[in-house]
Amino acid sequence: MKILFIGDIYGRSGREALEAHLPRLKTKYQPDFLIINGENAAHGRGITSKICGQLYDLGADCITTGNHVFSQKETLFFIGDDPKLLRPLNYPEQTPGNGYGVFTTSAGKKVLVANLMGRIYMDVLDNPFRVADTLLDRYKLGKDVDAIFIDFHAEATSEKCAFGHYMDGRVSAVIGTHTHIPTADTVILDGGTAYQTDAGMTGDYNSVIGADKDVPVQRFVRGYAANHMSPAGDTGSVCGTLIETNDATGLAKAISPIRIGGRLPSTEND
Ligand SMILES: [Fe+2]
Ligand SMILES: [Fe+2]
């Protein structure tokens, strides 16, 4: 099974880049399942039901998020009615919405997608390692489901690496999000789990992690900034990761980075 994951969509540049390049990626790679992280899709902060609809129209089978999931307050009210839109599973139990879902592909294969958030330099939620253990007690890869994909939304590379190794052999893929810069470590770990520390964002890279650069630079230089941050508005790059799993075991056979458009070097030159 081929799973295409697209990293954090950041504002209009990200949405437009996705619209421009996703059809070509879908034609070339023919993914069986498409996951998009949409936590910054609405002007850099959160997501709206309208944007969810746009991502579903583009073919998203599942939308993951992260610390910005509730940055648009409307999300608190509609996420409970949308099982394809996930928030981090390790929020407290009463939190609206779902942290994971089991979805069926058009070929009848079952894909479990879970969204978890790290705790280093982030709001401290429940322990994501323990929460993942509890989930995986219920769902065994290759028995209960055909693939398990985890979007691990975290700041610290150490926590992401540790989580990847802890999941190794139990899930198809652990792909990091949140830091918005693609890392060069697309690997299959010893136990067969595909891993990348961060898929990178989908947005304008002439920016500070998606935001127009002036305000964040001012903030670092002066210690304060006079204005609020807003998304950078030039041409965006689509960043993501393609994973291929073994249909018998659910473990990974291949993983490769995807980059197209904007100012980053492209993986799609053919
Ligand atoms: Fe993000
Ligand atoms: Fe984030």
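For our numbering, add 15 to where a residue sits in the sequence shown, where the first one is 1. For glycine and all other residues, C-beta sits at the position ideal for the given N, C-alpha and C. Please read all numbers here as calculations on a predicted model, not as lab measurements.
Residues bridged to residue i [DSSP beta-bridge criterion]
i, result
"His168", "Met132, Thr192"
"Pro272", "Thr256"
"Tyr115", "Ala129"
"Phe48", "Ile18"
"Tyr71", "None; Tyr71 has no bridge partner."
"Thr79", "Asn52"
"Ile163", "Leu127"
"Ile24", "Thr217"
"Leu156", "Val160"
"Leu101", "Asn113"
"Ala267", "Thr260"
Helix, strand or coil at residue i according to DSSP, with G and I counted as helix
i, result
"Pro143", "helix"
"Asp138", "coil"
"Leu279", "coil"
"His36", "helix"
"Ile94", "helix"
"Ile66", "helix"
"Glu108", "coil"
"Arg60", "coil"
"Asp149", "The question names Asp, but residue 149 is Thr in the sequence shown. Thr149: helix per DSSP, three-state reduction."
"Thr42", "helix"
"Ser173", "helix"
TODO: Could you pull out every unbroken beta strand (DSSP E) segment of at least 3 residues lying fully inside the segment 176-230, listed in chain order?
DONE: 188-192, 209-211
Task: Stretch-stretch touch, CB-based, cutoff 8 Å, three pairs: the segment 128-141 with the segment 165-179 - done: Short answer: they touch.
TODO: List in chain order: all unbroken alpha helix (DSSP H) runs of 4+ residues lying wholly within the segment 227-262.
DONE: 229-237
Task: contact_flag[the segment 171-185, the segment 239-246] where n(CB pairs < 8 Å) is 3 or more - done: Verdict: no, contact absent.
Open item on the list: Any residue with its Cβ nearer than 5 Å to a heavy atom of ligand 2 should be included. What is that list in chain order?
Closed with: Gly81, Asn82, His193
Task: Contact between the segment 214-233 and the segment 154-164 (3+ Cβ pairs under 8 Å) - done: no
TODO: Tell me, please, whether the segment 230-237 touches the segment 258-273 by the rule of three or more beta-carbon pairs shorter than 8 Å.
DONE: no
- [ ] Give a yes or no on contact between the segment 53-70 and the segment 27-45, applying the rule of three or more CB pairs nearer than 8 Å.
- [x] Yes: the two stretches touch, three or more of their Cβ pairs being nearer than 8 Å.
TODO: Evaluate the contact criterion for the segment 52-60 versus the segment 266-274: three or more CB pairs, one atom per stretch, below 8 Å.
DONE: no
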